[in-house]
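Numbering-wise (the numbering used here), the sequence shown opens with residue 1 and increments by one.
Glycine included, every Cβ here is placed at the ideal spot set by N, Cα and C.
Computed from a prediction, not measured in an experiment: that's the story for all the values here.
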Amino acid sequence: MRGNNVMGIIFSNMHEELIRELTDKRTMGSVPFGGRYRLIDFTLSNMVNSGINKVGVITKSNYQSLMDHLGSGKAWDLSRRRDGLFILPPFGNSNAEFTNRVETLSAIEGFLRHSKEEYVLLSDSDVVCNIDYQKVISSHIKNNADITILYKRGSIPAKMAEPMALSLEPDGRIKDIIIDPRTDSEYSFAFDQALIKRELLIRLLSECSSRNKSNFKRDIYQANVSKLRMFGYEFSGFCQIITSMNSYFEGNMALMRSEVRAELFTSDKPIYTKVRDDMPGKYGLGAKVKNSLIANGCVIEGEVENSVLFRGVHVQKGAKISNCVIMQDTVIGADCNLKYVIVDKDVMIKEERTLMGFQSYPVYISKASVV
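See the structure below:
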């Protein structure tokens, strides 16, 4: 199966309300993660590594930082004369912003119709994983499926928006779909990535529009489970779904584990991101760093433990940072003490400040603040 017979569609803005602190001035796809990446980097890199060379990114109103990050798509080898990266603006024919997934896809119907690929891979940008979509495509073709929905086995993440539990036959065919189950049992739950035939998607969207239906999960997936050949594809690897500030924090902290880093960042399927040329990290004479991710451009003069520091962070003398996520170009003043804190970009924390959260409730400091 040639990867270029599949096109990708990435929703950059879905579920922003779940981490409103981080998405107030940026879209979900451009939320920083893991010291140097944005959330969209993982989905976009997975598509490129799987041979998908035409990707449309659907934007919303606060997409300036996303466009600055993606640029022409050169970092992902998507700056091409044909195909490549397409930024799809947040307006349909009425010049009104999209309000739901069906309306969003209907508004880019022209883009879908003018594409020649046989299949469409739909994905949100709030899933951190490294997945080989070629295996998904091969499974889809082997099963002669109309729709293949990716799922993971386990407990549904807390605060997940409209979680969708799949009931599967032994051969993987979906026999029933339960939306928003109320029990705490383990499920085969979908994580908003699916492969579907392009012409079928256009037809289903047209049917929804003509009947004034707008819920993608209920009106396309659930309503057609007995009419179409729908299959599930289980992904058993590391997968962090961002459903809250707590899950965002846990996802960053998971990178402290070597087995997670080994699975997420591989040499044969790398995660690409925008290049920023910075000097190597600089460590002062009294600096102490333990079990942390320190990006290039950082200056460490204090103590850092179990933390993720993005590019250009300056930790001054006497400062102690533990279990924190410190974003780009932030300055931590001398003799500060930070535990379980998420600090956004360009923040100045003055000397001798103490900020403490808890593992299940990290403190958040907004972008460009002075504390």
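Here's a check: name, in chain order, each residue in its chain whose Cβ is nearer than 6 Å to the Cβ of residue i, leaving out the five neighbours to either side.
i: V370; result: M348
i: S209; result: S106
i: N13; result: T27, M28, K60
i: C239; result: C129, K152
i: I108; result: L88
i: L70; result: none
i: V127; result: F191, I241
i: K290; result: E305
i: W76; result: L44, V48, Y272
From the DSSP output, which residues share a beta bridge with residue i?
i: F358; result: Y361
i: M348; result: V331, V370
i: R38; result: P32
i: T148; result: L195, F231
i: R153; result: S188
i: F249; result: According to DSSP, which records beta bridges pairwise, F249 is partnered with nothing at all.
i: S123; result: I10, Q193
i: D180; result: D180 pairs with nothing; no bridge assigned.
i: N337; result: K320, T354
i: V289; result: V304
i: L22; result: Answer by DSSP bridge pairing: none, since L22 is not bridged.
i: M47; result: Looking at the DSSP assignment, M47 forms no beta bridge with any residue, so it has no partner.
i: M164; result: I179
i: I241; result: V127
Among the residues of its own chain, which have a CB less than 7 Å from the CB of residue i, if the five just before and after it don't count?
i: E118; result: N5, K197, R198
i: E301; result: G284, G286, A287, V315, Q316, K317
i: V341; result: C324, L355, G357, P362, V363, I365
i: A161; result: H15, L18
i: N95; result: Unreliable positioning characterises N95 in this predicted model, as indicated by a pLDDT of 48, which lies under 50. The coordinate reading is nonetheless provided below. Closer than 7 Å at Cβ, skipping near neighbours: no residue.
i: L200; result: D146
i: R261; result: L255
Nearest to residue i by alpha carbon, out of the options?
i: G110; options: I156, T23, R203; result: R203
i: M7; options: L112, T330, G154, D68; result: L112
i: P280; options: I326, N296, A287; result: N296
i: S167; options: K159, P157, I149; result: I149
i: D68; options: C298, R276, E352, I332; result: R276
i: S185; options: D192, I156, L195, D176; result: I156
i: G232; options: P270, E259, M253, Y187; result: Y187
i: S30; options: E207, K159, E250, S125; result: S125
i: N252; options: C298, I326, N215, K282; result: I326
i: D278; options: E259, P270, E263, V299; result: V299
i: N100; options: D219, R80, D24, G51; result: D219
When you compare only the Cα positions, how much space is there between residue i and residue j?
i: Y37; j: I10; result: 17 Å
i: G312; j: K217; result: 42 Å
i: D180; j: P163; result: 5 Å
i: G35; j: N46; result: 19 Å
i: F265; j: N212; result: 43 Å
i: N246; j: A165; result: 22 Å
i: I321; j: R257; result: 18 Å
i: D329; j: S267; result: 28 Å
i: C336; j: L22; result: 23 Å
i: N49; j: L66; result: 21 Å
i: K175; j: L44; result: 30 Å
i: F235; j: Y133; result: 10 Å
i: K227; j: V57; result: 30 Å
i: F249; j: T243; result: 11 Å
Contact defined as beta carbons within less than 8 Å: I believe residue i pairs with residue j. What is the distance between those atoms, to the nearest angstrom?
i: T273; j: D41; result: 5 Å
i: L85; j: V120; result: With 8 Å as the limit, L85 and V120 do not qualify as a contact, their Cβ atoms being about 16 Å apart.
CB-CB under 8 Å to residue i, same chain, minus the five flanking residues each way: which ones, in chain order?
i: R229; result: N143, N144, A145, D146, I147, R173
i: S292; result: M256, V304, E305, N306, S307, V308, L309
Chain D beta carbons: is any one of them nearer than 8 Å to that of residue i?
i: L293; result: Of the chains in the structure shown, none is chain D; there is only one protein chain.
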